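Report on one structure; see the data block that follows.
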Amino acid sequence: MTPKIVCENISKFFIQKGKQRVHVLEDISLEVMNNEFLVILGPGQSGKSTLLRIIAGLETPTQGRVLKDGKEITGPGQDRGLVFQSYMLFFWRTVMGNVEIGLKLRGVEKKERRKIAQHYINLVGLEGFEKHFPHQLSGGMKQRVGIARAYANNPEIMLLDEPFGQLDAQTRMFMEKETERIWQTEKKTVIFVTNNIDEAIYLGDRIVTLKGKLPGRMDAIYDVPLPRPREHTDLEFVELRQMITDKSELVL
Amino acid sequence: MSNTIADEIVHHVKERQPLTIWSVLGNEYFLYCVSFISFLLIWHFIAAAGLLGLATPEATIKEMIRLMSVKLAGKNLFGHIWASSRRILIGFAIGAATGLPLGLFMALNRYVNAIVKPVFDLFKPMPPIAWISISILWFGIGEPSKVFIIVIGSFVPCVLNAYAGIRIIDPELYDVIRVLGGNRRQEIFYVSFPAALPALFAGIQISMSVAWTCVLAAELVSSRSGLGWIIIRGMKLTKPELVLGGMAVIAIVAWIFSAATSGIEKLLCPWKRGIKEL
Chain A
1 MTPKIVCENI
11 SKFFIQKGKQ
21 RVHVLEDISL
31 EVMNNEFLVI
41 LGPGQSGKST
51 LLRIIAGLET
61 PTQGRVLKDG
71 KEITGPGQDR
81 GLVFQSYMLF
91 FWRTVMGNVE
101 IGLKLRGVEK
111 KERRKIAQHY
121 INLVGLEGFE
131 KHFPHQLSGG
141 MKQRVGIARA
151 YANNPEIMLL
161 DEPFGQLDAQ
171 TRMFMEKETE
181 RIWQTEKKTV
191 IFVTNNIDEA
201 IYLGDRIVTL
211 KGKLPGRMDA
221 IYDVPLPRPR
231 EHTDLEFVEL
241 RQMITDKSEL
251 VL
Chain B
253 MSNTIADEIV
263 HHVKERQPLT
273 IWSVLGNEYF
283 LYCVSFISFL
293 LIWHFIAAAG
303 LLGLATPEAT
313 IKEMIRLMSV
323 KLAGKNLFGH
333 IWASSRRILI
343 GFAIGAATGL
353 PLGLFMALNR
363 YVNAIVKPVF
373 DLFKPMPPIA
383 WISISILWFG
393 IGEPSKVFII
403 VIGSFVPCVL
413 NAYAGIRIID
423 PELYDVIRVL
433 GGNRRQEIFY
443 VSFPAALPAL
453 FAGIQISMSV
463 AWTCVLAAEL
473 VSSRSGLGWI
483 IIRGMKLTKP
493 ELVLGGMAVI
503 AIVAWIFSAA
513 TSGIEKLLCP
523 WKRGIKEL
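Residue numbers (this note's numbering), protein chains in the order written: chain A, 1 to 252; chain B, 253 to 530.
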């Protein structure tokens, strides 16, 4: 099977305040299979968000390239959906207005896009909240809108950038369950960025760890062969968690 | 499905409280009345004691009612209100219709910004009333010179707020459009404009109050009509009830203008309606 996404030796420098070069990513190479749930795990300041933005096409790598189905990615596109850490909902649009925006941009006729948007609103469990505005929703519900918005645009690849970083522990675990349920319902290739080991093991088919402190470097790749749905208290879960903690520099 | 997210929803339940003396005394609207009535009472006692050269509220209201039927310089009270309002509406409309688009263009295009900003920054801190002499020199003492001052006065806050409204938008919101496959034009229409709308209204509100300052200044300098002129008239005739009445009417009319703007804002920005209750 050919991989869906290939990152070839990606390095990234940012130019800050005119002159200062900040080295963010160093020689990242990875492959993501079709319909795989890949988790990129790294502490803060390890360049993981930048890596995701490069795959999304919002940033260009200084060196190396990203291939999707063998073709180089040159900019953002409808084939990749991004879920933002700070939700980035359009506060002037209702839940429905937010979810249907991608379809609207592509000129999908109103009746059709309402139908599709409604399907994804239902999928993320927001039925009955179509007319609410983002400020009327809790954090977990806001991110549901973010996920529905990305899904409704029917991307081949979902990119999630620490989507539950702002949620409290309970809501976070609950949203992880929901993410798995949604992914099982409509399988897509997923790249999920997080700094939380439990979240990584709970969700990932594979986990790529990045070394802490800039520039971000590849550390290790772990397969997670556990059956789904997983339990945080399973012995294998705990063992894997221990192994990753021991091997990586994650201090959480 | 919806019961699984019930734990995430915050319900606002307002409990019905029994009517006690404290719940009445602590009621917001009751306190508004207390505030307003004490204001009138203090005013009344100061005026009745002959202090500060004030007319009593009663005399002021009577004078204003008298002016509704009696003509002053060919116009009754409503005629004068309309004279001032008309100047404001024309001047403000021109100022906003040029200022808001200019501010938006400056924020969206750095070339426009680079060309306009230095000159604009030079004129920005200048009080609009400083233009009065030039205005009379250019347009005479008729209507156009007064309208011109208002145009200048309302133009500046419109430009500033439209500019700031675009600039404070989180750049990641544009990324949303880009990731969904949108182009630059769609970024502007689907993010810049709606996100900046509340700031545009803030600009309009400020412009409105500046416009009132300007129209009064213009009417105080040269005019035969308008609420500013009524105040001057009262001063010349030493009729404090006319001066105070003019001031009160200005306050009321300006408040109506501002409330109407808020009403339009609520209509155009439905997402801002519910925020107060949260």
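Don't be surprised by glycine CBs; every beta carbon is placed ideally from N, CA and C.
Bear in mind that the values here come from a model prediction, so they are computed numbers and not experimental data.
| Check | Outcome |
| --- | --- |
| Mind listing, in chain order, the continuous beta strand (DSSP E) runs of no fewer than 3 residues lying wholly within the stretch 404-443 of chain B? | none |
| Measuring only the C-alpha atoms, how far is Phe445/B from Val462/B? | 24 Å |
| Taking 6 Å as the limit between beta carbons, can you name the residues of its chain near Glu100/A, skipping five residues before and five after? | Arg113 and Ala117 |
| Alpha carbon to alpha carbon, what distance is there between Gly405/B and Lys369/B? | 17 Å |
| For the 8 Å Cβ check, are there 3 or more pairs between the stretch 329-338 of chain B and the stretch 362-382 of chain B? | no |
| From which residue to which residue does the beta strand (DSSP E) around Asp161/A run? | Ile157 to Asp161 |
| Quick one: what's Thr189/A bridged to in DSSP? | Ile157/A |
| Given a threshold of 16 other Cβ atoms within 10 Å of its Cβ, counted over all protein chains shown, does Ile289/B qualify as buried or as exposed? | exposed |
| Could you tell me if Met253/B is buried or exposed, where buried requires 16 or more neighbouring beta carbons within 10 angstroms of its beta carbon? | For Met253/B, the predicted model reports a pLDDT of 38, less than 50, meaning its position is unreliable; a value from the coordinates is still stated below. Its Cβ having fewer than 16 others within 10 Å, Met253/B is exposed. |
| From Trp295/B, Glu471/B and Pro492/B, pick the residue whose C-alpha is nearest to that of Ser397/B; which is it? | Glu471/B |
| For Gln16/A, I'd like the list of residues in its chain whose CB is within less than 8 Å of its CB, leaving aside the five on either flank, ordered along the chain. | Val22 |
| Can you name the residues of chain B whose CB is closer than 9 Å to the CB of Thr88/A? | The sequence shown places Met at residue 88/A, not Thr. Per Cβ cutoff of 9 Å: Asp422, Glu424, Leu425, Asp427 and Val428. |
| Are any of the Cβ atoms in chain D nearer than 8 Å to that of Pro76/A? | Here the protein chains are A and B, and chain D is not one of them. |
| Over what stretch of residues does the alpha helix (DSSP H) that includes Tyr284/B continue unbroken? | Glu280 to Ala300 |
| If I measure Cβ to Cβ from Glu439/B and keep anything under 6 Å in the same chain, skipping five residues before and after, which residues do I get? | Tyr426 and Ile429 |
| Going along chain A in order, which residues have a C-beta closer than 7 Å to the C-beta of Ala447/B? | Trp92 |
| So with CB distances below 9 Å, who are the chain B contacts of Ile101/A? | Val428, Ile429, Leu432, Gly434 and Tyr442 |
| On the DSSP bridge assignment, give the partners of Arg338/B in chain order. | Note: Arg338/B sits in no beta bridge, so no partner. |
| When you compare the CB of Gly107/A with every CB in chain B, is at least one pair closer than 8 Å? | no |
| Residues of chain B with CB under 9 Å from Ala56/A, in chain order? | Asp427, Arg430 and Val431 |
| Using a C-beta to C-beta distance shorter than 7 Å, which residues of chain A count as neighbours of Gln438/B? | Leu105 |
| Just to confirm the assignment, what range does the beta strand (DSSP E) spanning Tyr151/A have? | Here Tyr151/A belongs to no beta strand (DSSP E); instead the alpha helix (DSSP H) covers Gly139 to Ala152. |
| Can you pull the chain B neighbours of Phe84/A, defined as C-beta to C-beta under 8 Å? | Glu424, Asp427 and Val428 |
| Look up Asn122/A in the DSSP assignment and say whether it is helix, strand or coil. | helix |
| Indicate whether Lys48/A and Ile157/A have their beta-carbon atoms separated by less than 8 Å. | no |
| Output, in chain order, the set of chain B residues within a Cβ distance shorter than 9 Å of Asn34/A. | Chain B residues near Asn34/A: none, gap ~20 Å exceeds 9 Å. |
| Less than 8 Å between the beta carbons of Pro522/B and Cys466/B, yes or no? | no |
| Taking the alpha helix (DSSP H) that Gly326/B falls in, what are its first and last residues? | First-last for Gly326/B: undefined, no H or E at that position. |
| Using 8 Å as the limit for Cβ to Cβ distance, is Ala511/B near chain A? | no |
| Using a Cβ-Cβ cutoff of less than 6 Å, which residues in the same chain neighbour Gly216/A once the five nearest sequence positions on both sides are dropped? | Leu25, Ser46, Gly47 and Leu210 |
| Compare the C-alpha of Val124/A against each of Gln242/A, Phe174/A, Ile182/A and Arg172/A and name the closest. | Ile182/A |
| Could you tell me whether the stretch 146-161 of chain A touches the stretch 84-98 of chain A, using the rule of 3 or more Cβ pairs below 8 Å? | yes |
| In chain B, which residues lie with their C-beta within 8 Å of the C-beta of Asn154/A? | Near Asn154/A there are no residues of chain B at all, since even the closest Cβ is about 11 Å away, more than 8 Å. |
| Please name the residue in Phe91/A, Pro227/A, Val6/A and Gly107/A whose C-alpha comes closest to that of Val66/A. | Val6/A |
| Between the beta-carbon of Ala307/B and the beta-carbon of Glu493/B, is there less than 8 Å? | yes |
| Using Cβ-Cβ distances below 8 Å, what residues of the stretch 227-243 of chain A are close to chain B? | none |
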